[in-house]
Amino acid sequence: MTTPSSSATHPLAQLGDEGVSVWLDDLSRELLGSGELQRLVEDRGVVGVTSNPTIFASALAKGDAYADQTRELAAAGTSVDEVVFQLTTEDVRRACDLFAPVYERTGHLDGRVSLEVEPGLAHDTEGTVSAARAIWAAVDRPNLMVKIPATVEGLPAITTAISEGISVNVTLIFSLDRYRAVMNAYLTGLEQAREAGRDLSQIASVASFFVSRVDTDIDPRLEAIGTDEALALRGKAGLANARLAYAAYEEVFSTPRWQVLADAGARPQRPLWASTGVKNPDYPDTLYVTELVAPGTVNTMPGATMDKTYDHGVVHGDTVTGTAAASSAVLDDLERLGVSYTEVVEGLETEGLKKFSDSWTELLQTVSDEMARLSASDDDAEAQK
503 MTTPSSSATH
513 PLAQLGDEGV
523 SVWLDDLSRE
533 LLGSGELQRL
543 VEDRGVVGVT
553 SNPTIFASAL
563 AKGDAYADQT
573 RELAAAGTSV
583 DEVVFQLTTE
593 DVRRACDLFA
603 PVYERTGHLD
613 GRVSLEVEPG
623 LAHDTEGTVS
633 AARAIWAAVD
643 RPNLMVKIPA
653 TVEGLPAITT
663 AISEGISVNV
673 TLIFSLDRYR
683 AVMNAYLTGL
693 EQAREAGRDL
703 SQIASVASFF
713 VSRVDTDIDP
723 RLEAIGTDEA
733 LALRGKAGLA
743 NARLAYAAYE
753 EVFSTPRWQV
763 LADAGARPQR
773 PLWASTGVKN
783 PDYPDTLYVT
793 ELVAPGTVNT
803 MPGATMDKTY
813 DHGVVHGDTV
823 TGTAAASSAV
833 LDDLERLGVS
843 YTEVVEGLET
853 EGLKKFSDSW
863 TELLQTVSDE
873 MARLSASDDD
883 AEAQK
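The sequence shown maps to residues 503 to 887 in the numbering used here.
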């Protein structure tokens with residue numbers, strides 16, 4: 503096990519020394535306008551940002567940072583869907599510009615900002631492709647990543663987007679089988695891009711493997727079983743699943759098929775640990791950060807998790823490489839106790855899609871309400887003249 507570089511001054515910097523890119527799982531106009539996001543880049547080594555409908559719904563519900571643009575778009579007769587598109591792409595464009603120096607400094611590895619396609623398109627391949635093209639064109643920044651969910655219908659959309667030179671953050675990955683399908687979709691897209699004469703070095707992708715939600719689902723099942731053996735497995739499934747994903751990543755990106763693409767300038771699709779906030783107060787609050795340290799990975803953290811890691815995270819080298827056998831044993835033990843891995847991961851995908859879809863509906867309603875409020879306010883002001 504390696505030790506952190508002496509140049510590291512805090513745990514987040516130590517993660518960088520170990521080959522982990524620290525991304526923030528949050529984005530809002532307030533973060534951009536207040537200088538807080540820039541401070542996180544400068545002081546805490548944040549090198550990327552992810553967003554999702556839940557994050558934007560929360561951002562738009564707070565304060566009046568979006569009021570002027572919303573008023574202008576509403577006055578022009580813009581639809582609610584288009585207003586949401588304009589507001590979110592504007593935030594992401596500004597974030598891409600903020601991270602442009604990081605993008606250049608890291609040789610286009612990091613400095614990435616992600617924006618998700620509408621969740622309602624998760625089972626619509628062509629709709630997802632069209633949405634990805636629209637987001638890519640509207641933001642118009644090379645360090646953008648379009649988030650596409652890893653549904654069965656999302657896989658060919660990932661391939662098409664990659665083949666067209668659109669960088670992709672594949673989201674909502676829970677199962678190892680689906681993760682392998684995601685990596686295959688990426689490689690197929692790169693092969694098609696190469697055939698089309700594209701510069702593979704300009705195409706990037708990460709695969710967002712969700713961690714804490716696995717334990718949140720499995721732990722109650724173990725508690726219901728109630729034996730000492732079952733209780734001893736609490737809090738272990740999420741890490742085991744992610745560590746096995748990393749073993750799959752190492753395997754796929756060492757094959758002859760990959761080497762051909764690498765020789766043509768392609769970049770590996772890095773594993774990204776998502777859902778890294780600890781839900782169970784009985785567990786260490788940096789569990790899904792310090793126990794998932796491995797080179798060539800990304801950890802996208804909610805602000806609270808990042809603060810806790812910065813404050814008291816203990817980074818003690820690579821905690822993933824070489825753990826595949828022990829991790830497989832954890833999943834085997836769960837199956838033997840009657841906890842079905844397949845049932846868990848399928849349920850988590852369905853639940854994850856519903857959460858994002860519900861947040862999207864909330865986002866549309868929030869914007870619709872704000873448009874109505876601003877219109878009424880403007881009418882009152884006009885009447886008082």
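In this text, a Cβ means the ideal position worked out from N, Cα and C, and glycines have one as well.
Since the model is a prediction, treat every value here as computed from it, not as a measurement.
Discussion item. Would L833 and Y843 qualify as a contact pair, given that the criterion is a beta-carbon distance under 7 Å?
Written reply: yes
Fill in: Between the CA atoms of S553 and E693 - distance to the nearest angstrom
When rounded, the separation of the alpha-carbon atoms in E693 and S553 is 28 Å.
Fill in: For V716, three-class secondary structure by DSSP
Residue state for V716 is assigned as helix, using DSSP reduced to three classes.
Worksheet item: DSSP beta-bridge partners for S616?
Response: M647
Item to complete: Give me whichever residues DSSP pairs with V670 in a beta bridge.
Response: V648 and S707
Item to complete: Could you check how far apart the C-beta atoms of S861 and A559 are, in whole angstroms? I think they sit under 8 Å.
Response: 5 Å
Worksheet item: Buried or exposed: where does S677 fall if 16 or more other Cβ atoms within 10 Å of its Cβ makes it buried?
Response: The residue in question, S677, is buried, as its Cβ has 16 or more Cβ neighbours within 10 Å.
Worksheet item: According to DSSP, which residues form a beta bridge with S523?
Response: As DSSP reads the structure, S523 sits in a beta bridge with V800.
Worksheet item: According to DSSP, which residues form a beta bridge with A776?
Response: F712
Discussion item. Suppose contacts are defined by Cβ-Cβ distances below 7 Å. Is Y812 in contact with L514 by that definition?
Written reply: yes
Worksheet item: Between A578 and chain B, is there a C-beta pair that is closer than 7 Å?
Response: This model lacks chain B altogether; it includes just one protein chain.
Worksheet item: Helix, strand or coil for V817 per DSSP?
Response: DSSP, reduced to helix, strand and coil, places V817 outside both helices and strands of the structure shown, so it counts as coil.
Worksheet item: Between P722 and N782, what straight-line distance do the alpha-carbon atoms span, to the nearest angstrom?
Response: When rounded, the separation of the alpha-carbon atoms in P722 and N782 is 11 Å.
Fill in: Cβ shell of V604 (< 6 Å), same chain only, five flanking positions each side left out
V549, D612 and G613
Worksheet item: With a Cβ-Cβ cutoff of 7 Å, do Y785 and S714 count as a contact?
Response: Against a cut-off of 7 Å, the Cβ pair of S714 and Y785 comes out as no contact.
Worksheet item: What's the C-alpha gap between D620 and E584?
Response: What sits at residue 620 in the sequence shown is Glu, not Asp. Rounded to whole angstroms, E620 to E584 spans 12 Å at the Cα level.
Discussion item. Between which two residues does the alpha helix (DSSP H) holding E697 run?
Written reply: Counting along the chain, the alpha helix (DSSP H) containing E697 begins and ends at L678 to E697.
Worksheet item: Is D545 buried or exposed, if buried means 16 or more other CB atoms sit within 10 Å of its CB?
Response: exposed
Worksheet item: Would the beta-carbon of T802 fall within 7 Å of that of W525?
Response: Yes, these two residues count as a Cβ contact at 7 Å.
Discussion item. Using only CA atoms, which one of A698, Y568, V780 and A827 lies nearest to P804?
Written reply: V780
Discussion item. Taking the alpha carbon of A602 as the reference point, which residue from D570, V551 and V586 has its own alpha carbon closest?
Written reply: V551
Worksheet entry | Close Cβ partners of E645 (< 7 Å) along its chain, the five nearest in sequence each way excluded | According to the sequence displayed, residue 645 carries Asn and not Glu. Contacts found: C598, F601, A602, Y605, G613, R614 and V615.
Practice prompt. Pick helix, strand or coil for V869, following the three-state DSSP scheme.
Written response: helix
Fill in: Beta-carbon contacts of P770 that lie in its chain and below 7 Å, excluding the five residues immediately before and after
F755 and G798
Item to complete: Decide if the region 725-743 is in contact with the region 698-706; the criterion is three or more beta carbon pairs, one per stretch, under 8 Å apart.
Response: no
Discussion item. Measuring only the C-alpha atoms, how far is D626 from T653?
Written reply: 10 Å
Worksheet entry | Residues near A726 by beta carbon distance below 6 Å, same chain, minus five either side | none
Worksheet item: Quick one: what does DSSP say Q516 is sitting in, helix, strand or coil?
Response: DSSP places Q516 in helix when its eight states are reduced to three.
Discussion item. Considering only the alpha carbon of each residue, which of M685, D719 and W760 lies closest to G854?
Written reply: From the listed residues M685, D719 and W760, the smallest Cα separation to G854 is found for D719.
Worksheet entry | When E697, R680 and V631 are compared against S890, the one with the closest alpha-carbon | Because the chain spans 503 through 887 in this model, residue 890 falls outside it and cannot be assessed.
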